[in-house]
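Taking it in order: structure first as structure tokens, then the write-up.
Chains as they are written, first to last, in the working numbering: chain A, 8 to 205; chain B, 38 to 481.
Spelled out as structure tokens, the structure:
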């Protein structure tokens, strides 16, 4: 019995088939595992290693390079407060202190009820909307302390339906219909593209 | 100054601009149709004529970069750099969220022109909405015959594969992005031999272009390269998006005429950022993202022109103007920027891995009132080890520019605001060391 549910195992096959080399599917499959479980378990790493023909150590090696992959459960909501230069100039330090007090945890910590994790993160490309934060990678702009409290309360009471659980990124996935697919272009096959032939 | 007729942001006002319906009803895919009537060489020539500078940071002409693929080596790939993460930069996300079809159309035009047989659209991991909008757009475009096998009934057959990153600034560097796309840690490759145009994804010729660069192609092919080059200055053609953030009245992303609009226009212009908030005075501004040396009052009348800004000792980088008013603590701002590079260094090259961390440590102890006067020389010494001579453009001791980027804020802040560093040190509780400055060994 593998880690992925049967639906996700099918999705994994579909994702892998798009790449000329299956190892390229490693990061997409880690995202899929995180979507399924909220974080990436060692069982998931083991299975992904087998799928892409890598060792579990290589999977961990790749995973540990990227901030978004969590090897332990961060809770339902990952709150990332941007402290990049533009947010810093517009009050991100004060916002972070407020968030730490409101949640009762330091940046880098998680609440005991398994609801929130808090982090100070680098620039999230919302510089003109500073100070900004993301909850599970959904943006909240120009966040004053009052807005932060509102967001936290709505999340805790389950009223913010537009924020899915941690691990879910795009809620619509790319699907390439078989009859429309050009297919992966293998680096081993050296052919002049037909549209270049006069 | 008046704002030009927008090119790449022209659909931002349309509510459903991200859907195929909204795109087609506002002239979408006309550039692709036109390209398919031309020969691939003619399409390439049109982009060369446009003198379209890459919008990712390095500002290299796209048409020239396209010409670097070795002839007769197949397959060739297109990789779209949508890993926008340079502090202060906010434009590719907007283009992906609001007009994903424009980007897709640009990808198809590039693939057609250069014989690129598969496209990987690498979107930053943290941008869930952009990923979703592009996924929907691609699904629609496949169904309608714009992407995939025999695009619009032509011989062009190419898949566009949406790929998400997972959080690492360095992956915006093109060879690190390729490593990441191959399922590895995103560490830059040594160049040569790894210039992507000849040795890229899976070791094959690969064009890596930024989202904004590709988003311009549909307009260029529909309206002509000469039409694009008629806007802007001789070398900085067309229009360009700039995000103006920080202490301004009206922070925002503005599409302005490239090469001729000045910093004063965009920072103080009523149609743009509207000047410094709260009636305060300008202290300094970063003209092109965290990696760029700082500019001051005396640079305000320079045009947003690549050659001019390069010559003045900084860069336009990724179109990120960060404005700081007179109340800004220059030491804290410098520390903020350096901490970013220290945190994001991939660790491959020693001068960057060690140098950025030491810069951060020394700046932090100055801010904790534990600095010594010698620390200011020590900072410059570390900078010199990362980038000998602390010159502009920076000399490199590393594979990629991340390390030298951390030198910019330190050199800028120390040159102009040394008194602020000294003021921190004057309050220091640590006695000056005797003789040569010592680097303290961190406990634990």
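For each residue, glycine too, the CB sits at the ideal point set by N, CA and C.
Integer Cβ distance of residue i from residue j, believed to fall under 8 angstroms
| i | j | result |
| --- | --- | --- |
| residue 43 of chain B | residue 268 of chain B | No, residue 43 of chain B and residue 268 of chain B are not in contact; Cβ-Cβ is about 11 angstroms, not under 8 angstroms. |
| residue 150 of chain B | residue 84 of chain B | 7 angstroms |
| residue 283 of chain B | residue 360 of chain B | 4 angstroms |
| residue 163 of chain B | residue 141 of chain A | 7 angstroms |
| residue 66 of chain B | residue 134 of chain B | That pair is no contact at about 19 angstroms. |
| residue 345 of chain B | residue 38 of chain B | Rounded, the Cβ-Cβ distance is 17 angstroms, inconsistent with contact. |
| residue 134 of chain A | residue 126 of chain B | 7 angstroms |
| residue 115 of chain B | residue 244 of chain B | 5 angstroms |
| residue 326 of chain B | residue 355 of chain B | 5 angstroms |
| residue 173 of chain A | residue 81 of chain A | 6 angstroms |
| residue 154 of chain B | residue 113 of chain B | 7 angstroms |
| residue 446 of chain B | residue 91 of chain A | No, residue 446 of chain B and residue 91 of chain A are not in contact; Cβ-Cβ is about 13 angstroms, not under 8 angstroms. |
| residue 110 of chain A | residue 118 of chain A | 6 angstroms |
| residue 89 of chain A | residue 151 of chain A | About 15 angstroms; that fails the 8 angstroms criterion. |
In DSSP terms, what residue i is bridged to
| i | result |
| --- | --- |
| residue 156 of chain A | The partner list for residue 156 of chain A (beta bridge, DSSP) is empty, contrary to what the question assumes. |
| residue 362 of chain B | B/319 |
| residue 114 of chain B | B/155 and B/243 |
| residue 278 of chain B | B/292 |
| residue 84 of chain A | A/123 |
| residue 346 of chain B | BP columns for residue 346 of chain B are empty, so no partner. |
| residue 98 of chain B | B/90 |
| residue 117 of chain A | A/124 |
| residue 48 of chain A | None; residue 48 of chain A has no bridge partner. |
| residue 196 of chain B | B/155 |
Chain-order list of residues whose beta-carbon lies under 8 angstroms from that of residue i (same chain, five-residue window excluded)
| i | result |
| --- | --- |
| residue 427 of chain B | 417, 420, 421, 444 and 448 |
| residue 461 of chain B | 368, 403, 404, 406 and 408 |
| residue 459 of chain B | 410 and 413 |
| residue 210 of chain A | Residue 210 of chain A lies beyond the range of chain A shown here (8 to 205); nothing can be said about it. |
Beta carbon of residue i nearer than 8 angstroms to that of residue j
| i | j | result |
| --- | --- | --- |
| residue 270 of chain B | residue 342 of chain B | yes |
| residue 246 of chain B | residue 117 of chain B | yes |
| residue 175 of chain B | residue 197 of chain B | yes |
| residue 121 of chain A | residue 83 of chain A | yes |
| residue 234 of chain B | residue 105 of chain B | yes |
| residue 373 of chain B | residue 95 of chain A | yes |
| residue 224 of chain B | residue 231 of chain B | no |
| residue 31 of chain A | residue 220 of chain B | yes |
| residue 136 of chain A | residue 377 of chain B | no |
| residue 38 of chain A | residue 201 of chain B | yes |
| residue 189 of chain A | residue 186 of chain B | yes |
| residue 357 of chain B | residue 280 of chain B | yes |
| residue 152 of chain B | residue 200 of chain A | yes |
| residue 78 of chain A | residue 26 of chain A | no |
| residue 203 of chain B | residue 75 of chain A | yes |
Residues that residue i contacts on chain A, provided the C-beta gap is smaller than 8 angstroms
| i | result |
| --- | --- |
| residue 365 of chain B | 96 |
| residue 377 of chain B | 91, 92, 129 and 130 |
| residue 455 of chain B | What residue 455 of chain B touches in chain A: nothing, since even the nearest Cβ is about 20 angstroms away. |
| residue 155 of chain B | 27, 189, 191 and 192 |
Beta-carbon neighbours of residue i, restricted to chain A and to distances below 9 angstroms
| i | result |
| --- | --- |
| residue 191 of chain B | 202 |
| residue 213 of chain B | Residues of chain A passing the Cβ test: none, with the nearest at roughly 10 angstroms. |
| residue 134 of chain B | Within 9 angstroms Cβ-Cβ: nothing; residue 134 of chain B doesn't reach chain A, min ~10 angstroms. |
| residue 70 of chain B | What residue 70 of chain B touches in chain A: nothing, since even the nearest Cβ is about 14 angstroms away. |
| residue 245 of chain B | Neighbours of residue 245 of chain B on chain A: none; closest Cβ ~15 angstroms, over 9 angstroms. |
Same chain, Cβ closer than 7 angstroms to residue i, five either side skipped, listed in chain order
| i | result |
| --- | --- |
| residue 206 of chain B | 122 and 381 |
| residue 386 of chain B | 435, 436 and 440 |
| residue 251 of chain B | 117, 140, 143, 144 and 147 |
| residue 465 of chain B | 406, 407, 408 and 409 |
Residue i: contacting residues in chain A (beta-carbon distance under 7 angstroms)
| i | result |
| --- | --- |
| residue 186 of chain B | 187, 188 and 189 |
| residue 282 of chain B | 93, 134, 135 and 137 |
| residue 93 of chain B | None at all; the shortest Cβ gap to chain A is about 13 angstroms. |
Same chain, Cβ closer than 6 angstroms to residue i, five either side skipped, listed in chain order
| i | result |
| --- | --- |
| residue 110 of chain B | 242 |
| residue 263 of chain B | 86 |
| residue 333 of chain B | 321 |
| residue 138 of chain B | 60, 65 and 174 |
| residue 305 of chain B | 312 |
| residue 481 of chain B | Confidence at residue 481 of chain B is low in this model, with a pLDDT of 48, below 50, so the placement of that residue is unreliable and no value is reported for it. |
| residue 54 of chain B | 48, 135 and 136 |
| residue 217 of chain B | 208 and 223 |
| residue 107 of chain A | 113 |
Contact list for residue i against chain B, beta-carbon separation under 9 angstroms
| i | result |
| --- | --- |
| residue 43 of chain A | The premise fails here: residue 43 of chain A is roughly 15 angstroms from chain B at the closest Cβ pair, so nothing lies under 9 angstroms. |
| residue 147 of chain A | The contacting residues do not exist; residue 147 of chain A stays about 12 angstroms from chain B at best. |
Within chain B, the residues that residue i reaches when beta carbons sit closer than 7 angstroms
| i | result |
| --- | --- |
| residue 72 of chain A | 205, 222 and 223 |
| residue 176 of chain A | 165, 168 and 201 |
Interface partners of residue i on chain B, CB under 8 angstroms
| i | result |
| --- | --- |
| residue 180 of chain A | 172 |
| residue 25 of chain A | 196 and 198 |
Below-8 angstroms beta-carbon distance, residue i vs any chain E residue
| i | result |
| --- | --- |
| residue 105 of chain A | You won't find chain E in this structure, because its protein chains are A and B. |
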